[in-house]
Amino acid sequence: MKTKALSASAILLAVIIVMGAIPGIPLGFIPAPIILQNMGIMLAGVILGKKYGFFTVLGFLILAALGLPILSGGSGGFVVFIGPTAGYLFSYPVAAFLIGWVTEWLEKNNKLSFLTLLITLLIFGMLFILVSGAIGLNIVAHMSLNKALIYQAAFLPGDTIKAVLASIIGIILHKRRLTL
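Under our numbering, the first residue of the sequence shown is numbered 220, with each subsequent residue one higher.
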């Protein structure tokens with residue numbers, strides 16, 4: 220791994236961990252809180268690209284599985300991967316990969332803009348993660364898939380704001396050539 224890639228991956232890993240220190244907002248009707256960490260997943264894909272974004276987020280999940288209290292609210296351990304938030308967590312590395320892949324393609328083809336990046340983040344950083352979370356709730360919490368999908372609507376406003384912020388940050392960093 221190149222020094223720049225290793226440094227950028229370490230910084231993004233730290234950003235994702237710090238975002239987890241901010242407690243989630245429980246909704247009550249769904250066993251998954253509103254969190255900030257999924258914005259870190261978006262940033263990992265945008266800044267690190269598909270390869271390093273995927274492995275950085277995978278490393279983050281491995282650290283969480285080993286028991287480090289780095290998930291939102293200070294949780295960690297293998298148990299979170301069999302709990303109601305499992306679907307969201309398992310989608311994170313895939314989301315980072317997909318975001319990185321599309322971002323790299325957009326940049327290579329001179330189509331990277333705030334709007335194209337925002338659309339990418341809304342599809343893969345928000346909708347993909349939310350649908351995966353709903354599937355996880357269906358499997359783990361035995362919630363009907365329709366109900367789980369409808370409950371995801373509670374996350375849409377906050378996740379849209381996170382996608383807008385990640386798009387702004389991503390475009391600024393790409394214009395300044397501060398990405399991998």
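Glycine included, each C-beta is placed from N, C-alpha and C at the ideal position.
Going by alpha carbons, who is nearest to residue 270 out of 221, 304, 241?
-> Check the Cα spacing between residue 270 and each of 221, 304, 241: the tightest is with 221.
So what does DSSP say about residue 255, is it helix, strand or coil?
-> Of the three classes helix, strand and coil, the one that applies to residue 255 here is coil, per DSSP.
Answer with yes or no whether the minimum CB distance from residue 340 to chain C is below 9 Å.
-> In the structure shown, chain C cannot be found, because there is only a single protein chain.
8 Å CB neighbourhood of residue 364 in its chain, flanking five on each side removed = For residue 364, the CB contacts under 8 Å within the same chain, skipping 5 residues up- and downstream, are 353, 354, 357 in chain order.
DSSP state of residue 277 mapped onto helix, strand, coil | Three-state result, residue 277: helix.
Check each candidate in 255, 311, 239 and name the one with the smallest Cα separation from residue 292.
-> The option with the nearest alpha carbon to residue 292 is 239.
Where residue 244 falls: helix, strand or coil (DSSP) = Residue 244: strand per DSSP, three-state reduction.
In three-state DSSP terms, what is residue 290?
-> Looking at residue 290 - three-state DSSP - the assignment turns out to be strand.
Would you kindly work out how many angstroms separate the C-alpha atoms of residue 251 and residue 346, rounded to a whole number?
-> The alpha-carbon atoms of residue 251 and residue 346 are separated by roughly 15 Å.
Check each candidate in 257, 224, 242 and name the one with the smallest Cα separation from residue 383.
-> Among 257, 224, 242, the Cα nearest to that of residue 383 is on 257.
Residue 390 beta carbon less than 9 Å from that of residue 336 | Yes, the Cβ-Cβ distance between residue 336 and residue 390 is below 9 Å.
For the alpha helix (DSSP H) that contains residue 304, what are its first and last residues?
-> Neither: residue 304 is in no alpha helix (DSSP H) and is coded neither H nor E.
Label residue 231 either buried or exposed according to how many other C-beta atoms from any shown protein chain fall within 10 Å of its C-beta, with 16 as the threshold for buried.
-> Label assigned to residue 231: buried.
Beta-carbon proximity check, residue 274 vs residue 311, cutoff 9 Å = Between residue 274 and residue 311, the C-beta gap is not smaller than 9 Å, which leaves the two residues out of contact.
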